[in-house]
Amino acid sequence: MRPIQEVFPLLQAPKKIFITTHHKPDGDAIGSMLGLAHYLTKKGHEVTSVSPSEIPDFLMWMPGVNTTLNYEELPAKALEALTAADVIFCVDFNDYNRTKHLEQALADATQPKVLIDHHLFPKPVWDYGMSIPEKSSTCEMVYDFINLCGDNALIDLDIAACLYTGVMTDTGSFKFPITSASVHTMVADLKNRGLDHTRIHEEVYDSWSESRMRFLGYVLIERMEVFRKYNSALIVLSRKDQNLFKTANGDTEGLVNYPLSIAGIRFATLITERSDEVKLSFRSKGDFDVSSFAKNYFEGGGHFNASGGRTKLSLTETIAYFKKILSDIHPK
Ligand code: 5GP
Ligand code: MN
364 MRPIQEVFPL LQAPKKIFIT THHKPDGDAI GSMLGLAHYL TKKGHEVTSV
414 SPSEIPDFLM WMPGVNTTLN YEELPAKALE ALTAADVIFC VDFNDYNRTK
464 HLEQALADAT QPKVLIDHHL FPKPVWDYGM SIPEKSSTCE MVYDFINLCG
514 DNALIDLDIA ACLYTGVMTD TGSFKFPITS ASVHTMVADL KNRGLDHTRI
564 HEEVYDSWSE SRMRFLGYVL IERMEVFRKY NSALIVLSRK DQNLFKTANG
614 DTEGLVNYPL SIAGIRFATL ITERSDEVKL SFRSKGDFDV SSFAKNYFEG
664 GGHFNASGGR TKLSLTETIA YFKKILSDIH PK
């Protein structure tokens, strides 16, 4: 992969640009996609942003969100934009399979492909890009990209809101160790432009439906198991429970973090039964590497302290398999 600066000549004249991110997008995925889209549009390019699946409700306030295409809703239109594009940007993922439905189309596409991402172990399939696992978020990297282009002055309130969202969500509101001084410098710059960070925090974290709040209470009482011996905890969400509470897209966001607020718990897992697979989310505090854990046992990956994976086993089999691994490896 060549350094991202080498793509600058390609962007000198107006281009058709396709931007996409990962399946089941989070704040950093949509924030980086929209932040980049706003910037490239300002530079005179024709931009199409495609989310591989539905954008969760807590992100629907974001500037430009209504211009994005949801692949699951409009696959033909999304593929048409991909075919028509001169340049493809991929943000917040580093393996085509993280886009699920777009995997094959991206692999087949022959246009120059640019990666902006902070996950570990990128696949060697991009022509240009930045892959920096030490970065807090892809949104921070989009900010760096804009600055590298010499366009700091073009950062307006829409771009600032998008980029702030991803930095805030991926750093756990600035508490994870990955939150470097450069993150705070970036936020200071955005604040100087008039960023309303309180409003963004409220939109993302304090806009729950009543049923989501009650679902959280139910899950913590009924569906969380604590394994003191392994400094670990597990939350299991069956399809039945999800149907019972009619959980909406995004309602399970952040659930996996709750057990880490228990003193002594250093490894938290959320197992979610989906229609086509069982999804696992892993979070840790300190030096337990959940990226390797996800990679070794659940066909996944991610970051050192936050990762995900999946399995085709049944929910019951997954739980048994997970507990067996836990007793084998004894997380500290
Ligand atoms: P989540 O638990 O929120 O789905 O994922 C946590 C982090 O791990 C996110 O940064 C996400 O992008 C990453 N992640 C989740 N699933 C996978 C996966 O299957 N492969 C890789 N490489 N990363 C994943
Ligand atoms: Mn991210």
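Using my numbering, count along the sequence shown one by one with no gaps and you end on 695.
In this text, a Cβ means the ideal position worked out from N, Cα and C, and glycines have one as well.
Problem set entry | Range of the contiguous beta strand (DSSP E) that encloses Arg646 | 641–647
Exercise. Where Lys378 and His408 are concerned, what is the direct C-alpha to C-alpha distance, given to the nearest angstrom?
Worked result: His408 has its alpha-carbon roughly 5 Å from the corresponding atom of Lys378.
Exercise. Beta carbon of Phe484, beta carbon of Asn457: below 9 Å?
Worked result: yes
Exercise. Since Ser414 is in the beta strand (DSSP E), which residue starts that stretch and which ends it?
Worked result: 409–414
For this session: Quick one: residues in its chain with C-beta nearer than 8 Å to the C-beta of Val428, no 5 flanking neighbours on either side, listed in chain order?
Result: Ile393, Leu397, Ile418, Leu422
Exercise. Expressed to the nearest angstrom, what Euclidean distance is found between the alpha-carbon atoms of Thr534 and Tyr527?
Worked result: A direct Cα-to-Cα measurement between Thr534 and Tyr527 gives close to 11 Å.
For this session: Look up Ile479 in the DSSP assignment and give the residues it is bridged to.
Result: Val454, Met493
For this session: Determine, using beta carbons only, whether His482 comes closer than 9 Å to chain D.
Result: The chain labelled as chain D is not found in the depicted structure, where only one protein chain is given.
For this session: Mark Arg629 as exposed unless 16 or more other C-beta atoms lie within 10 angstroms of its C-beta, in which case mark it buried.
Result: Its Cβ being crowded by 16 or more others within 10 Å, Arg629 is buried.
Problem set entry | Touching by the beta-carbon criterion (3+ pairs, under 8 Å), the stretch 514–529 and the stretch 370–386 | no
For this session: Identify whether Leu607 lies in helix, strand or coil by the three-state DSSP scheme.
Result: helix
For this session: Over the uninterrupted beta strand (DSSP E) stretch that includes Gly671, give me the two end residues.
Result: 669–674
Exercise. Going by the C-beta, is Asp329 closer than 8 Å to any heavy atom of the ligand 5GP?
Worked result: Lying outside 364 to 695, the shown extent of the chain, residue 329 is not represented and no answer is given.
Exercise. How about His481: is its Cβ closer than 8 Å to a heavy atom in the ligand MN?
Worked result: Checking the Cβ of His481 against the ligand MN gives yes.
For this session: Taking only the alpha-carbon atoms, compute the straight-line gap between Leu553 and Pro540 and give it to the nearest angstrom.
Result: 21 Å
Problem set entry | Candidates Lys609, Leu579, Val589, Asp652: closest to Glu616 by CA position | Here the closest residue by C-alpha is Leu579.
Problem set entry | Delimiting residues of the beta strand (DSSP E) encompassing Lys379 | Judged by DSSP secondary structure, Lys379 falls within the beta strand (DSSP E) whose first and last residues are 379–383.
Problem set entry | Val619: CB within 8 Å of a non-hydrogen atom of the ligand 5GP | yes
Problem set entry | Selection from Gly663, Ser595, Phe371, Lys658 that minimises the alpha carbon distance to Pro694 | Comparing Cα positions, the closest option is Ser595.
Exercise. Does DSSP put Asn433 in a helix, a strand or coil?
Worked result: Here Asn433 sits in strand by DSSP.
For this session: Going by DSSP, name the residue or residues bridged to Arg602.
Result: Note: Arg602 sits in no beta bridge, so no partner.
For this session: With a 10 Å radius around its C-beta and 16 neighbouring C-beta atoms as the bar for buried, classify Phe685 as buried or exposed.
Result: That one is buried.
Exercise. Between Lys687, Tyr593, Lys658, His666, which lies nearest to Arg673 when the distance is taken from Cα to Cα?
Worked result: Ranked by Cα distance from Arg673, the options Lys687, Tyr593, Lys658, His666 are led by Lys658.
Exercise. Would you report the Cα separation of Pro436 and Ala472, rounded to the nearest angstrom?
Worked result: What sits at residue 436 in the sequence shown is Glu, not Pro. Roughly 21 Å between the two C-alpha positions.
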